[in-house]
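As you go down the protein sequences, you meet chains A and B in turn. Heads up: the first sequence begins at 22 in this note's numbering, then just goes up one per residue. Heads up: the second sequence begins at 405 in this note's numbering, then just goes up one per residue. Note that the Cβ used here is the ideal one computed from N, Cα and C, for glycine as well.
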Amino acid sequence: MRASQITRRSFIRATALAVAGLGWLPLDRFASRADAQSSPPYQALVCVFLLGGNDANNMVVPTDSRYTAYARARQGLAIPPTQVLALGGSTPGYGLHPSMPELQALYDRGLAAIVANVGTLNAPITVEEYLAGAGVPLSLYSHDDQQNQWQSSVSDGGPLSASGWGGRIADLSAGSSGLTALSLGGNLLFVNGQTTRSVSVNPGQIDYSPGGPSEPFEGLLTQASQYVLVNGANSITANALQALRSLSSATSLGKLATVFPADSYGLGQSLKFVAEVISSRQALGVARQVFIVPLASFDTHVSQLATQAALLSALSQGIAAFYQATVELGLESAVTTFTMSEFNRTFQPNTTAGTDHAWGTHQLVIGGSVVGGLYGDFPILELGGPTDVDPDARGLWLPQFSVDQYGATLARWLGLQQTQLNQIFPHLANFAQQDIGFMATS
Amino acid sequence: MSPAYYAAARFLDQATWGARQADAASLESVGIAKWLTTQFALPPSALQPVPAGYIGAQWTPDNLVYNALTGPDQLRQRIAFALSTILTVSCLQPLPNCSEMPNYWGVLERDAFANYLTILHDITLNPQMGEFLDLLNNSESTSGASPNENYARELLQLMTIGTVLLNQDGSPVLDSNGRPVAAYTDSDVRALARVFTGWTYAAADPLSSPLVANEQAHDTGAKTVLGSPLAPGQTAEQDLDQALQVIFDNQNVGPFLALRLIQHFVKSDPTPSYIDRVASVFANDGTGTRGNMKAVVAAVLTDPEARAGDDPALASANDGHLREPMLYMTAVLRALGAVMDPDFTQVQPAGGIQTMGERVDLPPSVFSFYSPFYSLSDGKIPAPEFQLLTSSNAVAQASVIWSLLLNNGVNPPFTIPMGPFVSAATNPVNLLATVDLLFTRGAMPVEMQRSILGAIDATSDPVQRAQTALFLVATSGLFRVIR
């Protein structure tokens, strides 16, 4: 199944390139060039954003001789070695947090990748350059700035910092219905494109009835005002009615057998809603979708062990259930789930049994098109060591991969061309490795 | 339309929880200066402790709604609400427990007219803030662990200075390469984290008393915060007071606060000159005092840019700001003349506001409900409150308002007096004029009048007519945005 999809995608891409030349290629243009009976295969990206800065240092733990250095630096926060869930696969010496047996199973089946030490960067820099303040991302340890930079992939305040790379991918799906970019975490930058109007929905709250007489209510929304904000409120509400109407009728059809966990963070229910939307893709008239789902909060300055254990358990169970739903839909190779988080946390603990803000972190990618394994070099787990940029030696890792490289690898899997990737990720050309390699593409 | 009434109602929309006809008439006769003086003298409306057995946990938002509808200290309450979005505490974690929140809100209400340095001091030592951002029981380095940096960083970033160095008009200071300059460094955060060590619960009434010093846990080394040296060997209190003074004296605090207060009370997109004028009052209230909140709030509300739109013909296209759910719901209730049962322990008055997406004691993080820099998707003007306007919330708002108008307006704990509207409904033009005066200051645009009249005329039942007219004007963009 997977092999023939790759072959067909290559064929479509090669043909369209030959005919249309390089440049922007809206998705519906693929359809007109492809085999007569086929439309572009459905694909979706689902981002789970770990809000607050996940302590990835305890999510992916070394199990070989490096464990000694890990335990020494992490002190009371170190995961006991017998509790670490050792990973199989081609890259030995790593394990997952004990709360993540479902992720361990997916990894051992080759369905999950760990991308090591990725962070916000404009261009590669060295520790010396960091200390000199040259080319460092703006506001590096600020939650909201870093969340926005992960979501926009722009760390120098440039023009594309006002939109999200998920939304810019959705912009390429011109002509489809309004539901190509969906947030379940409020109005998040990730799904705002330059032309795409993203939709943000509270899962379970898709009632499109305004209560009172809807016809005059909607009529008033179309009346132009002298005030920009009045027009903004009206147009958002008009679009909301349309989007919720579509979602309500489409998802009433999309009931799944897969059981989703009912965790206290709402992640299971959010991912269930995403799966229902995906199952309704034909009714919604979409061929490509980008989703973002929040999981909060990972800002474990205090009492990290218990808090993170509960969060990672919800993450592992939620992702596993969601993968199972994609299998139920026959879409496991068409849907890729990936994590983002604004930063890692200090390798050195603080005096309240927690950690503070850091930089380069590890992310997870899951799906049938993922080439399982651990990608990149792990940071050297030494306070003040060669990968620690911190003059106070609290363990802030200099990233080896940028958000651009991470996002471009996912976008390339969606079939985007190099020129499109360079437009969506404006600093991508600064990095030698354009594709980290964790996705199966032709 | 009466220009004087329009201006008075507009001022009250900005400075209170929502204009009411009688209040506007009164303001017309006494004038803004006298109104402000009266408001400054009013004591805070009480915030009761959570009663035993109260259903649900949202006593504080419920109590705030009650005070919004009944308390004469409107300006104080609005300032406290504004401060809660800057000096944010949320009860979303195990600590602080939501039952503690009346104490935190009480500090904001009590200190609303105090000096900003006093506010910073009282919030820093507030036990709920200590629980939320970890000042509580933070301690000096041990071998292999450093002090918790949470409060140090968020105090600088979100409550006083912000990440970027500012001119007095709010514009960023640029270096020789045209790039913004950082307002503080990671060293400042680390040094401040060491300052904020050695504080713990008071022995008596720990959840409602300021934190007390525990010198054993305090880092007594020398520190440098924002370029100012703090001598070694100081007590926790000496370090804290000196550090807060240094932060308070920073050039950013005036424009930082000016922007946020202007956005909260008047408009999302102030000109740099407006920010500059307000920031200069923060720097010096005219008597040599820095940080005088009364003077700053008065400057925000009386500035020519705040008052320009009192004549709609002179309003600018970028005027105003979107009512966030708490402001929107209270404004609708006040315009309707809603009466609230003082015993609301069984029915939650703030439930509708939560359905709209805002439970005010439970923001999702220390970043409150929205960023001052959030803008509409065209990126052209800041529009902070729009960050809360998701697709779900936009539709939920309307349905909550509709539900208030059903059952002859009796929806506990609220009673909307529907009688006058139903009587007026026998003559659609009268009904329209009535709702116009209450919601759109008597200046409803002609096209909107035609639409609402058409909807009223679609039924002959006076109750349905009244519900329709009130629903359409209360959910209109023109009312949802204070302009």
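| query | According to the Cβ coordinates, are residue 710 of chain B and residue 701 of chain B closer than 8 Å? | reply | no
| request: Compare the C-beta of residue 451 of chain A with all C-beta atoms of chain B and state if any pair is closer than 8 Å. | output: no
| field | One or two residues paired with residue 818 of chain B in a DSSP bridge | value | B:744 and B:815
| query | Who are residue 529 of chain B's beta bridge partners in DSSP? | reply | Answer by DSSP bridge pairing: none, since residue 529 of chain B is not bridged.
| Contacting positions in the segment 323-343 of chain A - beta carbon closer than 8 Å to chain B | 323
| message | List, in chain order, every chain B residue whose beta-carbon is nearer than 8 Å to that of residue 162 of chain A. | response | 557, 590 and 593
| Is any beta-carbon of chain B found at less than 8 Å from that of residue 99 of chain A? | no
| query | For residue 227 of chain A, is the classification buried or exposed, using 16 other Cβ atoms within 10 angstroms of its Cβ as the cut-off for buried? | reply | buried
| query | With DSSP run on the structure shown, which of helix, strand or coil describes residue 677 of chain B? | reply | helix
| message | Considering Cα atoms alone, identify which of B:827, B:881, B:850 and B:805 is closest to residue 874 of chain B. | response | B:805
| Would a C-beta distance cut-off of 8 Å place residue 462 of chain B and residue 752 of chain B closer than the cut-off? | yes
| Short Cβ contact (8 Å threshold) for residue 137 of chain A with residue 378 of chain A | no
| task | Could you tell me whether the segment 329-348 of chain A touches the segment 383-398 of chain A, using the rule of 3 or more Cβ pairs below 8 Å? | result | yes
| Is residue 242 of chain A near residue 222 of chain A, with beta carbons less than 8 Å apart? | no
| query | From what residue to what residue does the beta strand (DSSP E) around residue 629 of chain B run? | reply | 627-629
| Does the pairing of the segment 422-437 of chain A with the segment 163-174 of chain A give three or more beta-carbon distances under 8 Å? | yes
| query | Where does residue 565 of chain B sit, in a helix, a strand or coil, going by DSSP? | reply | coil
| query | Looking only at C-alpha atoms, which of B:726, B:692 and B:694 sits nearest to residue 672 of chain B? | reply | B:726
| field | Whole-angstrom distance between residue 370 of chain A and residue 96 of chain A, CA atom to CA atom | value | 8 Å
| task | Kindly indicate if chain B contains any beta-carbon less than 8 Å away from that of residue 258 of chain A. | result | yes
| For a contact meaning CB atoms closer than 8 Å, what does residue 227 of chain A contact in chain B? | 796
| Using 8 Å as the threshold, is the segment 523-538 of chain B in touch with the segment 466-479 of chain B, meaning 3 or more CB pairs across them? | no
| query | What residue does the beta strand (DSSP E) around residue 313 of chain A start on, and which one ends it? | reply | 309-316
| task | Could you list which residues in chain A have their beta carbon closer than 9 Å to that of residue 567 of chain B, in chain order? | result | 159, 160, 163 and 166
| message | Just checking: is the beta-carbon of residue 619 of chain B within a distance shorter than 8 Å of some beta-carbon in chain A? | response | no
| Length of the line joining the Cα atoms of residue 651 of chain B and residue 152 of chain A | 25 Å
| request: For the beta strand (DSSP E) containing residue 193 of chain A, list its first residue and its last residue. | output: Here residue 193 of chain A belongs to no beta strand (DSSP E), and DSSP marks it neither H nor E.
| query | So residue 279 of chain A is in the beta strand (DSSP E); what residue range does that whole segment cover? | reply | Run containing residue 279 of chain A: none; DSSP gives neither H nor E here.
| Nearest-angstrom Cα distance between residue 201 of chain A and residue 65 of chain A? | 9 Å
| task | Use the C-beta contact count for residue 882 of chain B: other C-beta atoms within 10 angstroms, 16 or more gives buried, fewer gives exposed. | result | buried
| message | Assuming residue 83 of chain A is part of the beta strand (DSSP E), what are its boundary residues? | response | 81-83
| Proximity test, Cβ basis, 8 Å: residue 885 of chain B and chain A | yes
| Cβ pair count under 8 Å reaching 3, the segment 810-823 of chain B against the segment 853-865 of chain B | no
| query | What separation, rounded to the nearest whole angstrom, lies between the Cα atoms of residue 194 of chain A and residue 296 of chain A? | reply | 20 Å
| query | In chain A, which residues lie less than 9 Å from residue 725 of chain B when you measure between Cβ atoms? | reply | 250
| message | Given this structure, state the Cα-to-Cα distance separating residue 92 of chain A from residue 100 of chain A, to the nearest angstrom. | response | 8 Å
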